[in-house]
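Engineer: Okay, handing you the structure first.
In my numbering, the protein residues as written are 317 to 461.
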């Protein structure tokens with residue numbers, strides 16, 4: 317199964333908490349699909365796979381987080397990976413309902429015909445048709461219900 321062929325990395329965006337009450341919801345677990353042929357999926361199937369793990373395609377809320385995801389993609393010897401950004405009813409949204417406040421567009425194609433977002437390991441992100449096959453990054457917050 318695909319979940320047995322993913323890389324798991326934990327990242328803490330703030331200092332390591334000393335008490336349980338100090339834990340922040342930005343402590344996330346990321347999983348990147350591996351190099352096997354099953355590791356590349358269309359956006360909708362990537363979303364389904366992440367959901368089956370109790371996660372979602374990764375969202376990005378800061379330059380530091382984007383840099384980390386780029387490094388994960390490079391470490392997996394990839395130049396691109398799906399993110400959880402999508403275009404709907406005239407605006408860009410994150411699949412996990414986080415606010416879309418940080419942007420890092422490298423290039424942007426027609427949003428209507430290319431509503432799915434991916435990252436470049438060396439640049440900002442871009443968008444393309446959701447039927448393209450790519451590696452993907454799942455993200456899970458330990459505080460998600």
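Glycine residues also receive a C-beta, built at the ideal position from the N, C-alpha and C atoms.
(1) Would you identify the three-state DSSP class for residue 319, choosing helix, strand or coil?
(2) Going by beta carbon distance, what residues of the same chain come within less than 6 Å of residue 395, once the five residues before and after it are set aside?
(3) Can you tell me whether residue 441 is buried or exposed, with buried defined as 16 or more other CB within 10 angstroms of its CB?
(4) Can you tell me the Cα-Cα spacing of residue 359 and residue 447, whole angstroms?
(5) Short of 7 Å in beta carbon distance, which residues of its chain neighbour residue 422, apart from the five on each side in sequence? Order them along the chain.
(6) I need the straight-line Cα distance from residue 452 to residue 382, nearest angstrom please.
(7) Can you check DSSP and say which residues form a bridge with residue 433?
Structural biologist: The relevant details are as follows:
(1) Translated into positions along the chain shown, residue 319 becomes position 3. Note that residue 319 has pLDDT 38, beneath the 50 cutoff, so the model's placement of it is unreliable and the number below is only indicative. Three-state DSSP puts residue 319 in a helix.
(2) Locating residue 395 in the chain shown gives position 79, where the first residue counts as 1. Around residue 395: 437.
(3) Taking the chain shown and counting its residues from 1, the one referred to as residue 441 is at position 125. Buried is the call here.
(4) For the purposes of this step, residue 359 is taken as residue 43 along the chain shown, with counting starting at 1. For the purposes of this step, residue 447 is taken as residue 131 along the chain shown, with counting starting at 1. Approximately 7 Å between the Cα atoms of the pair.
(5) Taking the first residue of the chain shown as position 1, residue 422 is located at position 106. 436, 439, 440, 441, 442, listed in sequence order.
(6) Residue 452 sits at position 136 when you count from the first residue of the chain shown. Residue 382 sits at position 66 when you count from the first residue of the chain shown. Roughly 14 Å separates the two Cα atoms.
(7) Within the chain shown, residue 433 is the residue found at index 117, counting from 1. In the DSSP output, where bridge partners are listed per residue, residue 433 has 443.
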